[in-house]
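Notes follow the structure.
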């Protein structure tokens with residue numbers, strides 16, 4: 485049985501807790517889900533600090549010292565917390581104390597000398613270019629309205645690297661003039677521009693010719709991919725459609741998802757000599773460190789470059 489933890493009042497966590505969260509919304513445009521995650525993470529630290537590890541005057545986040553926070557990280561390790569979760573908690577703390585220091589609410593930053601938990605960064609799950617080509621080939625076989633819609637969605641997903649929420653939420657206006665670039669509204673309501681490939685534009689045009697089949701008679705929708713009740717097609721529905729398509733294409737349905745197509749977009753671009761900064765912008769990553777999970781592709785490219793072009797390598801090969 486999972487016990488629900490009673491939320492800690494913000495005033496007990498920190499006098500500046502709400503101000504910090506408001507800053508995240510105002511200056512960084514974080515989503516509601518991200519905001520909730522920060523709140524939970526900081527509340528968890530406050531519960532630990534108030535549990536006897538510090539005196540009553542420092543039983544909240546505001547007055548925590550480096551040793552208090554180091555003790556918290558050891559506490560997480562003792563609870564069997566993964567390095568990834570511990571690193572996320574530490575990230576929330578770092579930003580909170582940077583806020584206090586920058587606003588003059590603390591004279592020091594207790595996080596400054598804390599080391600991040602070591603964690604291996606798993607490589608993203610991807611599928612090969614041949615598998616993507618087979619997915620698209622099978623999707624293109626059906627000329628029904630359902631088939632044309634699925635083909636357009638898969639083409640857009642792979643051609644742009646959009647998140648599934650960005651894909652299903654696309655407005656009809658985004659493609660009505662057959663654009664060469666697509667304006668995508670991503671996390672934090674930030675917009676980015678992504679070029680559209682010829683095949684993806686063709687697929688969208690074909691889908692638009694049958695789009696009305698998905699609308700109740702006499703109704704309209706602002707969404708490119710309308711769903712039920714005036715809403716757009718759900719993420720879950722596209723997820724299932726893609727799984728079924730993978731099965732028809734002879735692929736393992738467990739290894740195919742919208743996020744896998746997003747990873748394939750980035751990896752295949754880098755494999756064909758795209759630069760990391762451009763891929764970062766097209767993926768909508770705020771920090772290039774997030775995009776660096778794909779550097780295994782760059783490492784392989786550099787090894788190939790040295791092997792094929794370095795004079796010593798050519799001499800040894802001869």
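Numbering (my numbering), first residue to last: 485 to 802.
Glycine included, C-beta positions come from ideal geometry on N, C-alpha and C.
Hey, residue i and residue j are a contact pair by Cβ (cut 8 angstroms); roughly how many whole angstroms apart?
{"i": "residue 513", "j": "residue 674", "result": "6 angstroms"}
{"i": "residue 613", "j": "residue 752", "result": "6 angstroms"}
{"i": "residue 739", "j": "residue 609", "result": "7 angstroms"}
State buried or exposed for residue i, treating a residue as buried only when at least 16 other CB atoms are found within 10 Å of its CB.
{"i": "residue 596", "result": "exposed"}
{"i": "residue 580", "result": "buried"}
{"i": "residue 644", "result": "buried"}
{"i": "residue 543", "result": "With a pLDDT of 44 at residue 543, under the threshold of 50, the predicted position of this residue should be treated as unreliable, and no value is reported."}
{"i": "residue 488", "result": "Note that residue 488 has pLDDT 48, beneath the 50 cutoff, so the model's placement of it is unreliable and no number is given."}
{"i": "residue 563", "result": "exposed"}
{"i": "residue 677", "result": "exposed"}
{"i": "residue 539", "result": "Here the model assigns residue 539 a pLDDT of 43, short of 50, so the residue's position is not dependable and the matter cannot be decided."}
{"i": "residue 536", "result": "Caution is warranted here: a pLDDT of 49 is assigned to residue 536, below 50, making its placement in the model unreliable, and the coordinate value is therefore given only provisionally. Counting Cβ neighbours within 10 Å, residue 536 comes out exposed, since fewer than 16 surround it."}
{"i": "residue 541", "result": "Residue confidence for residue 541 is low, a pLDDT of 35 falling below 50, so the modelled location carries little weight and cannot support an answer."}
At which residues does the alpha helix (DSSP H) containing residue i begin and terminate?
{"i": "residue 683", "result": "682-692"}
{"i": "residue 723", "result": "719-732"}
{"i": "residue 669", "result": "First-last for residue 669: 665-669, but that is the beta strand (DSSP E), not the alpha helix (DSSP H)."}
{"i": "residue 700", "result": "No alpha helix (DSSP H) contains residue 700, which DSSP labels as neither H nor E."}
{"i": "residue 579", "result": "567-586"}
Of all the options the options, which has the alpha carbon lying nearest to the alpha carbon of residue i?
{"i": "residue 549", "options": "593, 582, 587", "result": "593"}
{"i": "residue 498", "options": "554, 556, 557, 589", "result": "589"}
{"i": "residue 551", "options": "523, 582, 598", "result": "598"}
{"i": "residue 620", "options": "567, 697, 565, 684", "result": "684"}
{"i": "residue 680", "options": "665, 672, 694, 692", "result": "665"}
{"i": "residue 671", "options": "746, 506, 515, 566", "result": "515"}
{"i": "residue 745", "options": "714, 616, 508", "result": "616"}
{"i": "residue 584", "options": "631, 727, 502, 509", "result": "502"}
{"i": "residue 700", "options": "727, 713, 754", "result": "713"}
{"i": "residue 611", "options": "509, 555, 697, 730", "result": "730"}
{"i": "residue 569", "options": "662, 534, 717, 525", "result": "525"}
What span of residues does the beta strand (DSSP E) with residue i cover, start to end?
{"i": "residue 675", "result": "675-679"}
Taking 8 angstroms as the threshold (beta carbon to beta carbon), is residue i in contact with chain D?
{"i": "residue 654", "result": "In summary, chain D is missing from the structure at hand, where a single protein chain is found."}
Closer than 8 angstroms is the cut-off here; do at least three beta carbon pairs connect the stretch 558-576 with the stretch 519-535? yes
Check whether the stretch 712-722 and the stretch 636-650 touch, using three or more Cβ-Cβ pairs below 8 angstroms as the test. Yes, the stretch 712-722 is in contact with the stretch 636-650.
When you compare the stretch 706-718 with the stretch 651-659, are there three or more beta-carbon pairs, one atom per stretch, that lie closer than 8 angstroms? yes
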